[in-house]
Amino acid sequence: MTSEPDAARLDQLRTTVAGLMPAARADLESLTRIPSVSLDSFDQQHVQASAEAVADLLRAEGLEVEIVSEGGRPAVIGHRAAPEGAPTVLLYAHHDVQPPGDEKDWDTPPFEPTERDGRLYGRGAADDKAGVMAHLVALRAHGDDLPVGVTVFVEGEEEVGSDSLPALLDKHGERLRADAIVLADSTNWDVGTPALTTTLRGMFRLVVTVRTLDHSVHSGMYGGPVPDAITALVRLLATMHTDDGDIAVEGFATSEATELDYPEERLRAESGLLEGVRLIGSGSILSRLWTRPAITTIGIDAPTVDTSSNTLVAEARAKVSVRLHPDDDPRAAYDRLAAHLREHAPWGARVDVRLDDEGRGFSADAQGPVYDAARAAFADAWGTDPVDIGVGGSIPFVAAFAETFPDAAILVTGVEDPDTRAHGANESLHLGEFERVCLAEAVLLERLGS
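For what it's worth, full-length UniProt numbering labels the leading residue of the sequence shown as 1, then goes sequentially.
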């Protein structure tokens, strides 16, 4: 059941949200200053501090709040009961962040939020502490007159794979059950054009190790007849693609994406592709980004150029990242690629393959009253109709929510835009878009109230 707010109510919400933005930005900056990197090699006291800060913000809005942990990083659950007859909405975000990387690549310190040209720069300023604050602003906009029940779930380990999320959903699932779920961890199509994410690619990562010798030997004395592991590894990795860059591994699912206007020039500009470097693969650009598989070598262990000696290296290994069609099975796809790598071992080299991580994709049947309400709320906030998009990245927790709550409508939204640079240096949030995101969520709650 959804209802449509009249023009006066929409104007009231728009004015209220605008008035809330200075405080929301101050709270966002405070959260961003907490270096809540969930990777093991970083101080996890900061992740705990981040969870406590989020809990305090939710308590201030009258929610019953608990910090929970099921063997992983701390998550925050806040709840306010629904008015009689009204639905309950689950609002998801995460408070952990990616490592900052080399601070020399940042124009300003990564954990000191800084505004430049209408954007707020800082690690987590967008991904995903702005998602946390969008939920809070929507709650603040309604105050004591919240038209729906709300459960806020703010995870603490999304950036390291959400390993304890299944245990959290298993133990606290009844507390998280809702009629609609808003997962605020995606992107919009462009500044000024909102989007609902309706497909996400699945993924897995593997580590492949190649051995040709039981110890490294002098390259002058043995080079020629004796293969080295690095050359063998490079030849093996090259078998995963055709000369044109299509996937050469058989059995991967694929389909064509719904077409939006996305010219090659935009892709080249947004990705930073160097002049003269050609695109790879076949099919439309958006299909290659959203619904076709992609295989990328993301790391190689071998002697560095500066420390290498004149030896035939005995062992080398690589980490390979694979993105899958939203409906492909990650484990079955891993088995196919692992078999391919073993079968294509060059020169009889020994090849070992190990699964490193996996996550299912997501494909929504984005129809029905909740999706209608979301699209209408986006149109109210932006003044233009939203578009449905796929995202080439993988957010495995979305599939976990879909499996745990099969009857809930799942809305994948977000605060990002093509210039956000999430996970990279100079991550930033477009402040004008952030206000529209907050307004859209406030209007969505209004529309979902019966």
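Even for Gly, the Cβ is constructed at its ideal location relative to N, Cα and C.
{"query": "Test item: CB-CB of Val208 and Val351 under 9 Å", "result": "yes"}
{"query": "Same chain only: Cβ atoms within 7 Å of Ser216, ignoring 5 sequence neighbours per side", "result": "Thr311, Leu312, Val313, Ala314"}
{"query": "Alpha-carbon to alpha-carbon, Gly224 and Gln98", "result": "44 Å"}
{"query": "Whole-Å CB distance - Ala232 paired with Val210, under 8 Å assumed", "result": "5 Å"}
{"query": "As assigned by DSSP and simplified to three states, the class of Gly223", "result": "strand"}
{"query": "Cα-Cα separation, Arg447 to Phe401", "result": "23 Å"}
{"query": "Alpha helix (DSSP H) runs contained entirely in the region 422 to 449, provided each spans 4 or more residues", "result": "431 to 448"}
{"query": "Other residues of its chain near Ala81: CB distance less than 7 Å, five sequence neighbours each side excluded", "result": "Gly149"}
{"query": "Straight-line gap, Arg9 to Val137 (C-alpha atoms, nearest Å)", "result": "17 Å"}
{"query": "Residues of its chain near Pro113, where Cβ-Cβ distance is below 8 Å and the 5 sequence neighbours each way are ignored", "result": "Leu28, Glu29, Thr32, Arg33, Leu120, Tyr121, Gly122, Ala125"}
{"query": "Residue from Asp261, Pro346, Gln367, Arg201 whose Cα sits closest to the Cα of Arg292", "result": "Arg201"}
{"query": "Whole-angstrom distance between Val234 and Gly245, CA atom to CA atom", "result": "15 Å"}
{"query": "C-beta contact flag for Thr134 and Ala93 at 9 Å", "result": "Per the sequence presented here, residue 134 reads as Ala, with Thr not at that position. Against a cut-off of 9 Å, the Cβ pair of Ala93 and Ala134 comes out as a contact."}
{"query": "Test item: CB-CB of Val191 and Asp417 under 9 Å", "result": "yes"}
{"query": "Residue from Thr258, Gly78, Gly393, Ala318 whose Cα sits closest to the Cα of Asp356", "result": "Ala318"}
{"query": "Outcome for Leu274 when other beta-carbon atoms lying within 10 angstroms are tallied against a minimum of 16", "result": "exposed"}
{"query": "Boundaries (first-last residue) of the beta strand (DSSP E) holding Ser321", "result": "315 to 324"}
{"query": "His430 burial status per 10 Å Cβ neighbour count (16 or more: buried)", "result": "buried"}
{"query": "CB contact flag (Gly392, Ala253, <9 Å)", "result": "no"}
{"query": "Exposure of Trp347, with buried meaning 16 or more beta-carbon neighbours within 10 Å", "result": "exposed"}
{"query": "For Met203, the residue or residues it bridges with in DSSP", "result": "Arg323, Gly359"}
{"query": "Beta-bridge pairing of Arg175 - partner residues as DSSP gives them", "result": "Bridge partners of Arg175: none, in fact."}
{"query": "Beta-ladder partner(s) of Ser92, from DSSP", "result": "Note that residue 92 is Tyr in the sequence shown here, rather than Ser. According to DSSP, which records beta bridges pairwise, Tyr92 is partnered with Phe153, Leu183."}
{"query": "Integer Cβ distance of Phe362 from Ala399, believed to fall under 8 Å", "result": "5 Å"}
{"query": "Coarse secondary structure for Asp190, derived from DSSP in three states", "result": "strand"}
{"query": "Distance between beta carbons of Asn188 and Glu433, contact taken as under 8 Å", "result": "7 Å"}
{"query": "Helix, strand or coil at Val387 according to DSSP, with G and I counted as helix", "result": "strand"}
{"query": "C-beta contact flag for Ile181 and Val89 at 9 Å", "result": "yes"}
{"query": "Contacting residues, own chain, Cβ-Cβ under 6 Å from Leu139 (five flanking each side not counted)", "result": "Glu61"}
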